[in-house]
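A.B. asks: If you're matching positions, the sequence shown starts at 1 in the numbering used here and goes up one per residue. Even for Gly, the Cβ is constructed at its ideal location relative to N, Cα and C. For clarity, every value in this text was computed on a predicted model and none was experimentally measured.
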Amino acid sequence: MGHFRRQVLLNSMKLFDLGAAMFAFALAAVVVSQKATVSLTEFFAMRVKIQNFILFAVLMLIWHQIFVLFGMYASRRLAGRWDETLDALKATTLGTFVIMCTHLVVRMDLMTPEFLIVFWLAAVSTTASGRLIMRVVLRNARLRGRNLRDMLIVGTNPRAVQFACKMRDNQFFGYRVIGFVDQQWTGLSEFSQSGFSLACNFDELLAYLRTNVVDEVVVALPMRSLHSRASEVAAICEEQGILVRFISNLFDGKMSRPRVVMMEGDSIITHNTVRLEGWPVVIKRLVDIVVASAMILLLLPVFLLTALLIKLTSSGPVFFVQKRLGLNKRHFGIYKFRTMVVDAEKRMKEIEHLNEVSGPVFKIKNDPRITSIGKLLRKTSIDELPQLFNVLMGDMSLVGPRPLPLRDYEGFSEDWQRRRFSVRPGVTCLWQIGGRSSISFEQWMELDLQYIDKWSLLLDFKILLKTIPAVLKGSGAA
Numbered sequence: 001m002g003h004f005r006r007q008v009l010l011n012s013m014k015l016f017d018l019g020a021a022m023f024a025f026a027l028a029a030v031v032v033s034q035k036a037t038v039s040l041t042e043f044f045a046m047r048v049k050i051q052n053f054i055l056f057a058v059l060m061l062i063w064h065q066i067f068v069l070f071g072m073y074a075s076r077r078l079a080g081r082w083d084e085t086l087d088a089l090k091a092t093t094l095g096t097f098v099i100m101c102t103h104l105v106v107r108m109d110l111m112t113p114e115f116l117i118v119f120w121l122a123a124v125s126t127t128a129s130g131r132l133i134m135r136v137v138l139r140n141a142r143l144r145g146r147n148l149r150d151m152l153i154v155g156t157n158p159r160a161v162q163f164a165c166k167m168r169d170n171q172f173f174g175y176r177v178i179g180f181v182d183q184q185w186t187g188l189s190e191f192s193q194s195g196f197s198l199a200c201n202f203d204e205l206l207a208y209l210r211t212n213v214v215d216e217v218v219v220a221l222p223m224r225s226l227h228s229r230a231s232e233v234a235a236i237c238e239e240q241g242i243l244v245r246f247i248s249n250l251f252d253g254k255m256s257r258p259r260v261v262m263m264e265g266d267s268i269i270t271h272n273t274v275r276l277e278g279w280p281v282v283i284k285r286l287v288d289i290v291v292a293s294a295m296i297l298l299l300l301p302v303f304l305l306t307a308l309l310i311k312l313t314s315s316g317p318v319f320f321v322q323k324r325l326g327l328n329k330r331h332f333g334i335y336k337f338r339t340m341v342v343d344a345e346k347r348m349k350e351i352e353h354l355n356e357v358s359g360p361v362f363k364i365k366n367d368p369r370i371t372s373i374g375k376l377l378r379k380t381s382i383d384e385l386p387q388l389f390n391v392l393m394g395d396m397s398l399v400g401p402r403p404l405p406l407r408d409y410e411g412f413s414e415d416w417q418r419r420r421f422s423v424r425p426g427v428t429c430l431w432q433i434g435g436r437s438s439i440s441f442e443q444w445m446e447l448d449l450q451y452i453d454k455w456s457l458l459l460d461f462k463i464l465l466k467t468i469p470a471v472l473k474g475s476g477a478a
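Okay, here's the thing in structure tokens:
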């Protein structure tokens, strides 16, 4: 696609996004006005005050900047369909949040909760639909041989060939691999069987770029042995004004997802195995704070009654505080209602031989250290309620892998199990609803990693819902 046509397309997308926001605003206003005392005719007959017009223009400017921030106008040729839809959802959600905050500062009668919901739904559906339609149009054009970009790949190793095959097999990306660049090495004989051709060697690269159409250069060299060569290629492309890409999977990670961030002019490639990032994590934290605060207020009578029963049935403090491992193995004190005798920790060695579960954890159903009221508290999981304060303090989340005592962690024998500490621990988790003490330690760890790999806000919601019947049944409690 030529520069002029690309600018026309970009500006059209920007106008479409602003038009979608205006459409959503108008639709929400119509819906609200029909339920208000003002008739639709009177609503459209209202005069728009100059300050309201300025405020609306400022909001549209902020809306546009949010879309720029989320990269909605950058090249999305290699982005997945759902990735672009998700970015549109994030951008419109943040924009709606800004409008809501503006309403809190500058009171606007129109901005009712119903208005914001209708506006958000209309903005999300319109923006996402527009992006999907645009993708279909561009995809069809590329399949017909239009809007193609010529790509030169530097390196002839298996990873480079594999990348070229992806470009060839997925023609809707709109790339045409015009050749490879490399020097003589033992792997060239294997490369010659791939069906791709060698365009030039490193010494001839500059002359090739001067005399041929090259839209993008992809560097797929091994960084350890050919870092200086890769730097030279990048410098040549920069001088020629040619877009250069690096295959960022430098370390062949099996689970980590690489992404690039900018920090004061430096490009930093980040490899992360955890899905908990971005705006969903902010929402998760807000849910933790709101739900934990509400539950503490609602369950205050239960807290007081439990404290009284503990004091009446055994000597010692109401709460039991134990050191646990949290996010990235940070130590914190977990709060629980005391269900054992005061010297329970000291008596651990006396009964370790009675352990009924596999692995480093310690669990027995008829623990002699448990007090009379402690059995009831454990069976109903009431002893876990003070952990809501840990949630408020940020040591824990409502949903996440259960925090383990220091003693249990010292017994870990497999390093893959330690990945469970890459997220904030929780009050409930898949293990909690899947049987708790009735399942093996290995299954427990696998459930924790399953949660990390498949995490979403919806999964948290499902776990919270399933926790209620699991607690009422007392399944696996020990």
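Counting only runs of 3+ residues fully inside the segment 355-407, write out the beta strand (DSSP E) ranges in chain order.
C.D. replies: 397-399
A.B. asks: Below 6 Å CB to CB, which residues in the same chain sit around F320 once its five sequence neighbours on both sides are set aside?
C.D. replies: On the sequence shown, residue 320 is found 320 positions in, with the first residue counted as 1. Answer for F320: K336 and R338, listed in chain order.
A.B. asks: Just mark W63 as buried or exposed, buried being the case when its beta carbon has 16 or more other beta carbons within 10 Å.
C.D. replies: By 1-based counting over the sequence shown, the position of residue 63 is 63. Per the 10 Å Cβ criterion, buried.
A.B. asks: Anyone know if the C-beta pair for D288 and V213 falls short of 8 Å?
C.D. replies: Within the sequence shown, residue 288 is the residue found at index 288, counting from 1. Within the sequence shown, residue 213 is the residue found at index 213, counting from 1. No.
A.B. asks: Within the continuous beta strand (DSSP E) that includes I334, where are the two ends?
C.D. replies: Position 334 of the sequence shown, counted from the first residue, corresponds to residue 334. Start and end: H331 to F337.
A.B. asks: My guess is that L198 and G179 are in contact by the Cβ rule of under 8 Å, so how many angstroms apart are they, rounded?
C.D. replies: Start at 1 with the first residue of the sequence shown, and residue 198 comes out as number 198. Start at 1 with the first residue of the sequence shown, and residue 179 comes out as number 179. Rounded to whole angstroms, the Cβ separation of L198 and G179 is 7 Å, and the two are in contact under 8 Å.
A.B. asks: Could you tell me if D169 is buried or exposed, where buried requires 16 or more neighbouring beta carbons within 10 angstroms of its beta carbon?
C.D. replies: Within the sequence shown, residue 169 is the residue found at index 169, counting from 1. By the 10 Å Cβ count, D169 comes out exposed.
A.B. asks: Helix, strand or coil: which one does DSSP assign to C165?
C.D. replies: In the sequence shown, the residue the question calls residue 165 occupies position 165. Helix, per DSSP.
A.B. asks: Only counting the same chain, and skipping five residues up and downstream in sequence, which positions put a Cβ closer than 7 Å to that of G174?
C.D. replies: Here the question's residue 174 lines up with position 174 in the sequence shown. Cβ within range, chain order: R77, R142, N147, L148 and R149.
A.B. asks: Measuring alpha carbon to alpha carbon, tell me which residue in V399, S315 and R245 is nearest D343.
C.D. replies: In the sequence shown, counting from the first residue as 1, residue 343 sits at position 343. Check the Cα spacing between D343 and each of V399, S315 and R245: the tightest is with S315.
A.B. asks: Need the endpoints of the alpha helix (DSSP H) that M445 sits in, please.
C.D. replies: Mapped onto the sequence shown, residue 445 falls at position 445. Start and end: F441 to D453.
A.B. asks: Is it the case that the Cβ atoms of I439 and I463 are separated by a distance below 8 Å?
C.D. replies: What you label residue 439 is simply residue 439 of the sequence shown in a count that begins at 1. What you label residue 463 is simply residue 463 of the sequence shown in a count that begins at 1. Their beta carbons are not under 8 Å apart, which means I439 does not touch I463 by this criterion.
A.B. asks: Which value, in whole angstroms, describes the spacing of the CA atoms of D83 and M60?
C.D. replies: One-based indexing of the sequence shown puts residue 83 at position 83. One-based indexing of the sequence shown puts residue 60 at position 60. D83 and M60: Cα-Cα distance of roughly 24 Å.
A.B. asks: Alpha carbon to alpha carbon, how far is L18 from M72? Give it in angstroms, no decimals.
C.D. replies: Taking the first residue of the sequence shown as position 1, residue 72 is located at position 72. Taking the first residue of the sequence shown as position 1, residue 18 is located at position 18. Approximately 13 Å between the Cα atoms of the pair.
A.B. asks: L297 to L305, Cα distance in whole Å?
C.D. replies: One-based indexing of the sequence shown puts residue 297 at position 297. One-based indexing of the sequence shown puts residue 305 at position 305. Here the alpha carbon of L297 sits roughly 14 Å from the alpha carbon of L305.
A.B. asks: Considering G426, what are the terminal residues of the alpha helix (DSSP H) in which it resides?
C.D. replies: Counting from 1 along the sequence shown, the entry for residue 426 is found at position 426. No alpha helix (DSSP H) contains G426, which is instead part of the beta strand (DSSP E) from G426 to T428.
A.B. asks: Look at F119 and T96 and say whether their C-beta atoms are less than 8 Å apart.
C.D. replies: Position 119 of the sequence shown holds residue 119. Position 96 of the sequence shown holds residue 96. Contact flag set, yes.
A.B. asks: Excluding five sequence neighbours on each side, which residues of the same chain lie with their C-beta closer than 8 Å to the C-beta of R479?
C.D. replies: Since the first residue of the chain shown is 1 and the last is 478, residue 479 is not available in this structure.
A.B. asks: Under three-state DSSP, which class holds D343?
C.D. replies: Counted from its first residue, the sequence shown places residue 343 at position 343. It is coil, neither helix nor strand.
A.B. asks: Ends of the beta strand (DSSP E) at E216?
C.D. replies: Taking the first residue of the sequence shown as 1, we reach residue 216 at position 216. E216 to V219 is the span of the beta strand (DSSP E), which, as asked, contains E216.
A.B. asks: Evaluate the contact criterion for the segment 396-404 versus the segment 452-471: three or more CB pairs, one atom per stretch, below 8 Å.
C.D. replies: yes
A.B. asks: With respect to the beta strand (DSSP E) encompassing R418, which residues constitute its N-terminal and C-terminal limits?
C.D. replies: Taking the first residue of the sequence shown as 1, we reach residue 418 at position 418. Per DSSP, R418 belongs to no beta strand (DSSP E) and is neither H nor E.
A.B. asks: Checking 8 Å against the spacing of the C-beta atoms, do I452 and I373 come in under that value?
C.D. replies: Numbered from 1 along the sequence shown, position 452 holds the residue referred to as residue 452. Numbered from 1 along the sequence shown, position 373 holds the residue referred to as residue 373. Cβ atoms of I452 and I373: not closer than 8 Å.
A.B. asks: In this structure, how does DSSP classify I247 when only helix, strand and coil are distinguished?
C.D. replies: Here residue 247 refers to the residue found at position 247 when the sequence shown is read from its first residue. Three-state DSSP puts I247 in coil, outside helix and strand.
A.B. asks: Just how far apart, CA to CA, sit R330 and G426?
C.D. replies: Numbered from its first residue, the sequence shown carries residue 330 at position 330. Numbered from its first residue, the sequence shown carries residue 426 at position 426. Computed Cα separation, rounded: 14 Å.
A.B. asks: Please list, in chain order, all residues of the same chain as N328 whose beta carbon is under 8 Å from its beta carbon, the five residues on each side excluded.
C.D. replies: Walking along the sequence shown from the start, residue 328 turns up at place 328. Hits under 8 Å: F421 and S422.
A.B. asks: When the distance is taken between beta carbons, is T211 closer than 8 Å to G187?
C.D. replies: For this step, residue 187 is matched to residue 187 along the sequence shown. For this step, residue 211 is matched to residue 211 along the sequence shown. Result no, Cβ atoms of G187 and T211 do not sit closer than 8 Å.
A.B. asks: Tell me, to the nearest whole angstrom, how far the beta carbon of V357 is from that of F441; I am working on the premise that it is less than 8 Å.
C.D. replies: Position 357 of the sequence shown, counted from the start, is the residue given in the question as residue 357. Position 441 of the sequence shown, counted from the start, is the residue given in the question as residue 441. At roughly 6 Å, the Cβ-Cβ gap stays under 8 Å, so V357 and F441 are in contact.
A.B. asks: Where does the unbroken alpha helix (DSSP H) through Q240 begin, and where does it stop?
C.D. replies: As a working note, residue 240 is residue 240 in the sequence shown. That run of the alpha helix (DSSP H) goes M223 to Q240.
A.B. asks: Roughly how many angstroms separate the alpha carbons of F362 and Y409, rounded to a whole number?
C.D. replies: Position 362 of the sequence shown, counted from the start, is the residue given in the question as residue 362. Position 409 of the sequence shown, counted from the start, is the residue given in the question as residue 409. Those two C-alpha atoms are separated by around 11 Å.
A.B. asks: Tell me whether R324 sits in a helix, a strand or coil according to DSSP, three-state version.
C.D. replies: The residue given as residue 324 occupies position 324 in the sequence shown. Strand, per DSSP.
A.B. asks: Nearest CA to the CA of I247: which residue from L221, L9 and N11?
C.D. replies: As a first step, residue 247 must be located in the sequence shown, where it is residue number 247. Among L221, L9 and N11, the Cα nearest to that of I247 is on L221.
A.B. asks: Distance, Cα to Cα, L55 vs F25?
C.D. replies: As a first step, residue 55 is located in the sequence shown; it is residue number 55 there, counting from the start. As a first step, residue 25 is located in the sequence shown; it is residue number 25 there, counting from the start. Linking L55 to F25 through their CA atoms gives a straight-line distance of about 13 Å.
A.B. asks: Can you tell me which residues form a DSSP beta bridge with Y175?
C.D. replies: Numbered from its first residue, the sequence shown carries residue 175 at position 175. Bridge partners of Y175: R149.
A.B. asks: Ignore the nearest five residues each way along the sequence and tell me which others in M22's own chain have a CB closer than 8 Å to its CB.
C.D. replies: As a first step, residue 22 must be located in the sequence shown, where it is residue number 22. So the list reads M60, once near-sequence residues are dropped.
A.B. asks: Using the Cβ count rule (16 or more neighbours within 10 Å means buried), how would you classify F53?
C.D. replies: One-based indexing of the sequence shown puts residue 53 at position 53. Exposed, because fewer than 16 other Cβ atoms sit within 10 Å of the Cβ of F53.
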